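The structure under discussion appears below in the form of structure tokens.
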Amino acid sequence: MRVMFLNPPFHARFSRESRSPAVAKSGTLYFPKWLCYAAGVAIKAGHEVDVVDGPAWEVDVQYVADRIESKNIEALVCDTSTPSIVNDLKVVEDLQSRFPKMKILMVGRHVSSMMEDTFKRAPAVQYVALREYEYTVRDWLEAVSSGASMDSVLGLAWRNDKGEIVKNAPRPAIENLDELPFVTEVYKRFLRVEDYFYGHSLWPLVVFDTSRGCPYRCTFCVYPQTFSGHKMRYRSVANVADEFDYVARELPQVKTIMLEDDTFIIDKDRTLELANELVKRGNKIPFDSNCRADVRADADFFKQLKKAGARLFCVGFESGNNEVLKHVRKNLNLEMTENFMKNTREAGIMVHGCFMVGNLNETQGTMQETLELAKKLMPDTAQFFPIMVYPGTAAYEEAKQRGLLETEDYSAWLTADGLHNSVVNLPNLTHRELVEFCDRARREFYLSPKYLLHKAKQSITNPAEFQRNVKGFSKLVKYLTKGSFGKDEPSNRHSPEKQNNVHA
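Numbered continuously in my numbering, the sequence shown closes out at residue 511.
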């Protein structure tokens, strides 16, 4: 079949696949990684595939409709997220009205968690894939193309001819991840890697997974609870190293690989095995990865990863208060945090620190402790989030049960500009106060003389880091001055002529 995988138009540079979907103040834009994995599986199954990334290309629904018509698309796979779901359903309804014969499958964490609500909100919705969806998409396309019943498509919910909602048996998680095509092959074929940017990574970059799942039970973390599960599954070391080789050979402009595992270092022996294989193959591409501060590894362990190319860890420190960490089941304390920073610094690996305020036993005092911790640790970069509780997570259920949600209008998860917002009101803190605290924390962290001096030295001694610092700071600086609720600025959209040239 002729099938389009669509990251639907919304705010320019809106990252649906982020763990906290929004327009990032640093200019960060995520790859549509999950869509591209599914597109690769569809290509392998013999389908004629197109991929459109609306937020990256800054195109509207008319552009998508024109492309569907010009390519005679028969089926559409549409990504979603909680903050964008109101928009996403409107896009689907619009496209369905224009192309009534086209079959549409909705995918993503939000529709996985809120399947019944999704069908209720939008009569145009025909099919929803639940949780990881590569093989669900493959089997759905086979059923659509052959006219077979949808009953046998595992992991699918669908509306039958009577208008009834049918939920099929769940699809087991993919055990042999080596079966999946390299997602970077799909990027190369359909996307322009220069469109994507992570504020903590060298640019341009690509992202892929070396594992799926996370055994930890943090109450707020959306992917393990709604999508990839808590059971660890690993690609083989050789398969991962082969993708490093592919990137070096086929995407020579790439300066960093971001390993987007839920958390990279779970099995330390396997991690060292991969590091040794990359050293053996002479890997020259630095890599960044998501990591936990409770990994309990010494400096020698991190030094070996450094030899393999480890450049930076993205780490969720979350809070500067042990009781808050305990409440969100983080399995972390401040002593572990400080030991982690000590060992990574000794190994020469940078850290991007993630800090979150508004956790459900938070106070003004514990938020200030978090800011003081960020200043003390002084990671290379930092982000400060107000709590955003997503459907399907334990944090969402707790907030709902305690009556802490300001609204269940999903569009309120964002500001008018598409920036991070919060809908959680704590007994002594409003959702707006949480956002404004993050604005203040960001200013105090990034504009401190100590931090500015560190960045100046880094930029002088390392040209690659200088480029990243300039690119990231040029985006961030306006939010340091105007905050999250400042006046909206018009987006600078690509012209249709440029779009047709670059992305056709």
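Beta carbons are placed, not taken as given, at the ideal position from N, Cα and C, and that holds for glycine. It should be emphasised that the depicted structure is a prediction, and the values quoted were computed from it without experimental measurement.
The closest CA to that of residue 234, considering only 380, 133, 115, is found on 115. Excluding five sequence positions before and after residue 420, the CB atoms of its chain that fall closer than 7 Å to its own CB belong to 89, 90, 395, 428, 430, given in chain order. In this structure residue 363 is not in contact with residue 319, their Cβ atoms being roughly 19 Å apart against a cut-off of 8 Å.
The Cβ-Cβ distance between residue 187 and residue 37 does not fall below 8 Å. The segment 66-77 makes no contact with the segment 213-228: fewer than 3 CB pairs, one atom from each, lie closer than 8 Å. For residue 48, the CB contacts under 8 Å within the same chain, skipping 5 residues up- and downstream, are 141, 142, 144, 145, 187, 188 in chain order.
Of the residues assessed, residue 365 falls on the buried side of the cut-off, its CB having 16 or more other CB atoms within 10 angstroms. Taking 3 residues as the shortest admissible run, the segment 27-67 contains the following complete beta strand (DSSP E) segments, listed from N- to C-terminal end: 55-60. Nearest Cα to residue 412 within the set 397, 193, 426: 397.
It is roughly 15 Å from the alpha-carbon of residue 133 to the alpha-carbon of residue 154. Here DSSP, grouped into helix, strand and coil, assigns residue 121 to coil. Counting along the chain, residue 300 sits inside no alpha helix (DSSP H), nor does DSSP assign it H or E at all. Comparing alpha carbon positions, the residue from 51, 441, 127, 341 closest to residue 166 is 127. Under the three-state reduction of DSSP, residue 137 is assigned to coil, being neither helix nor strand.
For the options 252, 23, 282, the alpha carbon positioned closest to that of residue 316 is the one of 282.
Boundaries of the beta strand (DSSP E) harbouring residue 265: 263-266, taken from the DSSP string. Of the candidates 63, 23, 8, 8 places its Cα closest to the Cα of residue 53. C-alpha of residue 355 to C-alpha of residue 290: approximately 17 Å in a straight line. Looking at the backbone, the Cα of residue 196 and that of residue 129 are separated by about 33 Å. Within the same chain, 56, 188, 193 come within 8 Å of residue 50 by CB-CB distance, once the 5 residues on both sides are set aside. For the pair residue 232 and residue 388, the CB atoms are not nearer than the 8 Å cut-off. Pairing residue 308 with residue 287, the inter-Cα distance amounts to about 17 Å. Checking the DSSP bridge columns, you'll see residue 320 partnered with 296, 358. Non-local C-beta neighbours of residue 351 in its own chain, meaning closer than 7 Å and more than five positions away in sequence, comprise 309, 320, 358, ordered along the chain. For the options 35, 86, 175, the alpha carbon positioned closest to that of residue 58 is the one of 86. Look at residue 335 here: in three-state DSSP terms it is coil, with no helix or strand label.
Counting the other Cβ atoms within 10 Å of the Cβ of residue 435 gives fewer than 16, which makes it exposed. Contact check for residue 198 against residue 10 fails: the beta carbons are separated by 8 Å or more. In the structure shown, the three-state DSSP call for residue 85 is strand. Rounded to whole angstroms, the Cβ separation of residue 30 and residue 424 is 7 Å, and the two are in contact under 8 Å. DSSP places residue 108 in the coil class of the three-state scheme, outside both helix and strand. Under DSSP, the beta-bridge partners assigned to residue 388 are 359. Shortest Cα-Cα distance from residue 407 to any of 422, 383, 432 involves 432. Checking the DSSP bridge columns, you'll see residue 427 partnered with 421. For residue 467, the enclosing alpha helix (DSSP H) stretches over residues 456-468. Selection 105, 269, 386 evaluated against residue 457 yields 386 as nearest (Cα-Cα).
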